[in-house]
Amino acid sequence: MTMLTIRFTRFEKDSDEVYGAPWITAELTECYRISLNRKTVAKRMRMMGIEGISPRVFVPVTTIQSKRKSSLPDLVERMFDTGQLNRVRMSDITYLRTSEGWLYLCAVHDGHSRRVLGWAMDSVQDTSLVKRALRMAHTLPRRGC
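Residue numbers (UniProt numbering): 1 to 145.
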């Protein structure tokens, strides 16, 4: 066994088989002053059958499908900017990572000016989120003609 193989095996055991190539590369450089490319370390790990565990990235569900098929008409025919204020309004929901977890943000925009007319945030994505954003957009004083 080479010295690198022994160190790789030790890293694997010390980490409960969690550490991957980026971490092992950093440890080799910091602790042992051995400078190796991350890809070289990954290749050696593959040859030895060592595999790190990556945390799964959580991506919140942003579209909740309805059980029934709905065929709602496209009233604006994808023409969101009609050249006039307050003619077309659209909404969008996005999610934001915070220190306390995920927050959903619903914003209502004017199609022409793209100005945010109303918004709402919540930790749950449901119809009340959209209703609150629409209510804010509706009660906001209108500008323009």
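Virtual Cβ for every residue (Gly too), placed ideally from N, Cα, C. Treat the numbers as computed from the prediction; the structure is a model and nothing was measured.
Review point. Which residues bound the alpha helix (DSSP H) around threonine 25?
Key: Here residue 25 refers to the residue found at position 25 of the sequence shown. Its alpha helix (DSSP H) spans residues 21 to 32.
**Study point:** One or two residues paired with leucine 103 in a DSSP bridge
**Key:** Taking the first residue of the sequence shown as 1, we reach residue 103 at position 103. Bridge partners of leucine 103: Leu96.
**Study point:** Straight-line gap, leucine 117 to glycine 111 (C-alpha atoms, nearest Å)
**Key:** Counted from its first residue, the sequence shown places residue 117 at position 117. Counted from its first residue, the sequence shown places residue 111 at position 111. Rounded to the nearest angstrom, the two C-alpha atoms are 10 Å apart.
Practice item. Indicate whether arginine 38 and threonine 29 have their beta-carbon atoms separated by less than 7 Å. Key: Here the question's residue 38 lines up with position 38 in the sequence shown. Here the question's residue 29 lines up with position 29 in the sequence shown. No, Cβ-Cβ distance for arginine 38 and threonine 29 is not below 7 Å.
Check your understanding: Near valine 18, which residues of its chain fall below 8 Å by C-beta distance, leaving aside the five closest residues on each side in sequence?
Key -> If you number the sequence shown from 1, residue 18 lands on position 18. Gly52, Ile53.
Exercise for review: Consult DSSP for serine 128 and reduce its assignment to one of helix, strand or coil.
Suggested key: For this step, residue 128 is matched to residue 128 along the sequence shown. Note: serine 128 maps to helix in three-state DSSP.
Point to revise | Given leucine 75 as reference, the closest of Met136, Gly83, Met90 once Cα atoms are compared | key: Taking the sequence shown and counting its residues from 1, one reaches residue 75 at position 75. Of Met136, Gly83, Met90, the smallest CA-CA separation from leucine 75 is found for Met90.
Check your understanding: Run through DSSP, which three-state label would histidine 112 get?
Key -> Locating residue 112 in the sequence shown gives position 112, counting from the first residue. Histidine 112: coil per DSSP, three-state reduction.
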